[in-house]
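Below is one structure, written out as structure tokens, with a few remarks after it.
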Amino acid sequence: MKILVAPDSFKNSLTAIQVGESIRKGIMQVPGKWEVRVVPLADGGEGTVEALVDATKGVYIETEVFDPLMRPVKARFGILGTGDGTAVIEMASSSGIELLKPEEMNPWITTTYGTGQLIKKALDEGCKEIIIGLGGSATIDGGMGMARALGFEFLNGNSALAGEGGGALSEIVKINVSNADRRLKDCKIIAACDVTNPLTGPEGASLVYGPQKGADHDIVLQLDVNLKHFASVIREQLGTEVESVPGSGAAGGMAAGLMAFAGACLKQGFSLVREIVHLDSHVQWADIVITGEGKMDFQTQFGKTPAGVAAVAKKYGKTIIAVTGTLGTGYSDLYKSGFSAVFSVIDRPMSLEEAIKDAPSLIERCAANIASFLLIKPLHW
388 MKILVAPDSF
398 KNSLTAIQVG
408 ESIRKGIMQV
418 PGKWEVRVVP
428 LADGGEGTVE
438 ALVDATKGVY
448 IETEVFDPLM
458 RPVKARFGIL
468 GTGDGTAVIE
478 MASSSGIELL
488 KPEEMNPWIT
498 TTYGTGQLIK
508 KALDEGCKEI
518 IIGLGGSATI
528 DGGMGMARAL
538 GFEFLNGNSA
548 LAGEGGGALS
558 EIVKINVSNA
568 DRRLKDCKII
578 AACDVTNPLT
588 GPEGASLVYG
598 PQKGADHDIV
608 LQLDVNLKHF
618 ASVIREQLGT
628 EVESVPGSGA
638 AGGMAAGLMA
648 FAGACLKQGF
658 SLVREIVHLD
668 SHVQWADIVI
678 TGEGKMDFQT
688 QFGKTPAGVA
698 AVAKKYGKTI
708 IAVTGTLGTG
718 YSDLYKSGFS
728 AVFSVIDRPM
738 SLEEAIKDAP
748 SLIERCAANI
758 ASFLLIKPLH
768 W
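For the sequence shown, this note's numbering assigns the number 388 to the initial residue and increments by one for each residue that follows.
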């Protein structure tokens, strides 16, 4: 029996490759004629670099950049093994919320400068295409910090440089492009995201995501005003409309900044990964497809990796099974998306800390149970 294992990561626990290997080990514990192929996946957020670099046998580049509070931090990106000079960057590695302590979270001052440094380093490596995963950001600066790292200057009414962070966006009256990195014009930039939020308004970057990044009610409202001002300056001086574009609010408006300053196009994260790793051909090869991620609930069907895998499996008439750490509210909706079964790996009462610690063995046991189930003779797969 041919089984494709194509999971996302279990956040704060295991990478997609580790999850995949644990599932493979569990299957192989059960006597049977198994052919198991592991293809780690991501949706543009955490794990995107690893999934794409490993799938294409690429390389990692490590460098020092600034974190969201302009402190030195080690970050890495990947260059795919496709031979066409494509780099893949995770914004979270340099401008991510995981780099901050809870008390440090403040989108009024946090910046995307470090992500701009990673883009610059990729250009230094000769890359002609750069994919940027926009998940997990700590910022709502509209990509201003990123653009500054690439030579753009943002001036206030006194012709002085504006400050960093979303709070400084209201100061900007002029954008100086004369020192911008000229290599951007010859490089294709792709922003990978899984949201459709516009830059401003009730569904915009600040009102929807500001609270989880540390902004109180008043700051959330002011940041929305600041983003609106920033968008108007971009519109008037660069001739680019970003405010109402679906997806422009991703990562605190980083998507809008990439569009305005790097000519980026926006693509749904999972669709991009699907194409690069040739997921369709792997699914066509398989008899059974197993996917999963750390938590699955009703939100999983909206752009998350398992739902994307299920859609591909459904297209080719394949049975799709999911493995997850936690089954959340409304997970039964996933059966309407084509899943034949959804299993939690938790097999006894335990704390979150214990579940994270024991994740590999829990996943292995769950996969072994699935394999035993697949061997039941009356079932025809």
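Virtual Cβ for every residue (Gly too), placed ideally from N, Cα, C. None of these values were measured; they are calculated from a predicted model.
Under DSSP, no beta-bridge partner is assigned to residue 456. Taking the Cβ atoms as the reference, residue 583 lies roughly 5 Å from residue 634, within the contact range of under 8 Å. Shown here, residue 710 sits in a strand according to DSSP, grouped into three states. Rounded to whole angstroms, the gap between the alpha carbons of residue 640 and residue 672 is 39 Å. About 34 Å separates the beta carbon of residue 422 from that of residue 448, a gap too long to meet the 8 Å contact definition. In terms of Cβ geometry, residue 677 and residue 410 form a close pair [threshold 8 Å]. The beta carbon of residue 631 lies closer than 6 Å to those of 585 in the same chain, with the five residues before and after it left out. Between residue 730 and residue 555, the alpha-carbon positions lie close to 47 Å from each other.
Looking at the backbone, the Cα of residue 616 and that of residue 562 are separated by about 13 Å. The C-beta distance from residue 568 to residue 501 rounds to 16 Å, too long to meet the 8 Å contact threshold. Between residue 670 and residue 700, the gap from beta carbon to beta carbon is short of 8 Å. Here the region 471 to 481 does not lie against the region 536 to 544, with fewer than 3 beta-carbon pairs under 8 Å apart.
Take residue 602, set aside five residues on each side of it, and the residues of its chain with a beta-carbon closer than 6 Å to its own are 494, in chain order. In the DSSP assignment, residue 628 falls outside any beta strand (DSSP E), carrying neither H nor E. Residue 725 and residue 693 have their C-alpha atoms spaced approximately 11 Å apart.
For residue 401, the closest alpha carbon among the candidates 429, 420, 419 is that of 429.
Rounded to the nearest whole angstrom, the CA to CA distance from residue 538 to residue 648 is 10 Å.
For residue 409, the enclosing alpha helix (DSSP H) starts and ends at 403 to 415.
Counting along the chain, the unbroken alpha helix (DSSP H) around residue 506 starts and ends at 500 to 511. Three or more pairs of CB atoms, one per stretch, sit closer than 8 Å, so the region 745 to 763 contacts the region 695 to 712.
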